[in-house]
Every structure is written in structure tokens, then in C-alpha cells.
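J.:
There are 2 protein chains.
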Amino acid sequence: MTEEVAGYFKMLSEPVRLHMLGSICSEGAATIGELTERLGLCQSVVSRHMKLMTEHGVVCKKIENGRTLYYFADDCLCSICAPVVEKIRARAAEQSRLL
Amino acid sequence: MTEEVAGYFKMLSEPVRLHMLGSICSEGAATIGELTERLGLCQSVVSRHMKLMTEHGVVCKKIENGRTLYYFADDCLCSICAPVVEKIRARAAEQSRLL
DNA sequence: TGTCTATATGCGTATATTGCGATATGCACA
DNA sequence: TGTGCATATCGCAATATACGCATATAGACA
């Protein structure tokens, strides 16, 4: 089980992937091409990252009007990221308070 | 912010580190030496991992009776790991249901 | 102060992962 | 069936990180 959990966290440990998730979150479901454009990355890179995230069940893909759309699988990610963000914020506040 | 969040997840993305956290969780606060023995690892490896986790505020260290004890900083980790474990369990159950 | 134990750090090696370019595959449509 | 576009995969170079060994540092105590 530890391996799986670690793998899940590793999947979330790359800024580029978080950017992709953030883009889908703020601008909605997207194709590989759209994400490639949004993030200014190579198409092959985007494809590989999305594949990894699909394998971990964070995103799903479906074909709609001939477009391969990637979208959030569920709102699980929110409950995972929220406490992390809160933790980081709290620590940053604590740091600045000490100065 | 993305960088910090990714860094936090990266810190949690190593099975060995999760084992250390699990050991502290189940057997209580421990010294580097104790963790080294529990996990059968090199002492330098344990020291470095604990340092990283300390920097991320997951664990704290304090000196007690001349022993440098590492313990959980807060219960934040629980609220982060729980949904991940649940997610993985749900996916595994779904997988086996399909077979 | 000197010694002993515990912890931290520097260094080299092995491995994994990223990003890019090139290519292959898949799919819609003429 | 053949063409064109979108996505996936392969190969490679660069980078990051873990591990173990050796060594440095820190703290307790005679």
C-alpha cells in the first residue's frame, strides 16, 4: 500500500502536472492540443503527463465531437490539495511572523 | 505556490519516507538510531530523510533526556493521506469488480 | 579538555524522470 | 482507400535524487 500512496504523491509532485490540473480546474476540460498551447510545452510531454495522471485516476478522457477531452475524474483532488495548501500557508505566515 | 505544493508532495512521494512516518505513527516518536534499526537502512539515509521532512514541517525534533526525538508536527498529514488511501482503495475495488 | 556516542554532511555511483524531436498510431472525412 | 489532423510512443541527452561509505560535527560526561 505504501508503494501506491507514494506513487500517487509522486504523480502530484511535478509542478508542470499541477499546472495542467490547475488549467483544467480554472478553464475546464481540455484536449492535449489546448493544454500544449496553454502551458507552452511540447505536445509529447503533455501527452505523457496526462497519461500518467489518467492511470492514477485523477483525470479521465472522453471523446466528444471528435475531440479527446481530459477532465477531472472526481473532486478527490480537492480534498487532498486543500490541506497541503493550508499547511504551506500556515507555515509561511508563521515564518513571516517570526521576522 | 505550485512549486511549494509540488515540493510537499515530492517529500511524500518516497516509500521509505512513508515507512518512517508510519513507524513514528504506530510506535511513537523515535530517534535517528531507532528508525535506522526499525527500517534496516543506513543511518545517513535516515538522517537525510528526516531532515527533509522536518524542513517541510511534517515532523519536529526535540531533545529529551539527551535523545533527539522525532515526532509528528501535527495531524495535518492524516487529512492529506486519508483521501489518498481511500481513493486507491476505491480504485482497487473497482478494478477487482470489473474482473 | 578529551573521549564516546549520536547525528549530520560530503562525495561518488546508480537509477529514474523530464523535456524535446522524430515517428507511429488512430480517427474523421473526402 | 487515401489524406490530414490529433494523439501516443520511442530514443536521447540533461537533470535530479536515492543510497552507501567515509568523515565531520555536536552533545554528554569523566
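Keeping their order, the protein sequence lines are chains A and B.
Going by the numbering used here, the first residue of the first sequence is number 10, and it counts up by one from there.
Going by the numbering used here, the first residue of the second sequence is number 10, and it counts up by one from there.
Even for Gly, the Cβ is constructed at its ideal location relative to N, Cα and C.
Bear in mind that the values here come from a model prediction, so they are computed numbers and not experimental data.
1) Which of the three DSSP states is assigned to E23/A in this structure?
2) Output, in chain order, the set of chain B residues within a Cβ distance shorter than 9 angstroms of A15/A.
3) So if DSSP puts K70/A in a beta bridge, which residue, or which two residues, is it bridged to?
4) Is the shortest distance between the beta-carbon of R186/B and the beta-carbons of chain A less than 7 angstroms?
5) At a Cβ threshold of 7 angstroms, is G66/B touching chain A?
6) Can you name the residues of chain A whose CB is closer than 7 angstroms to the CB of E12/B?
7) For the alpha helix (DSSP H) that contains M10/A, what are its first and last residues?
8) Mind listing the chain A neighbours of V93/B? Cutoff is C-beta to C-beta under 8 angstroms, in chain order.
T.: Once the coordinates are examined:
1) coil
2) L21, S22, E23, P24, V25, R26 and L27
3) Y79/A
4) The structure shown does not extend to residue 186/B, since chain B spans only 10 to 108, so no value can be given for it.
5) yes
6) P24
7) M10/A -> no alpha helix (DSSP H), and no H or E assigned at all.
8) V14, Y17, F18 and I89
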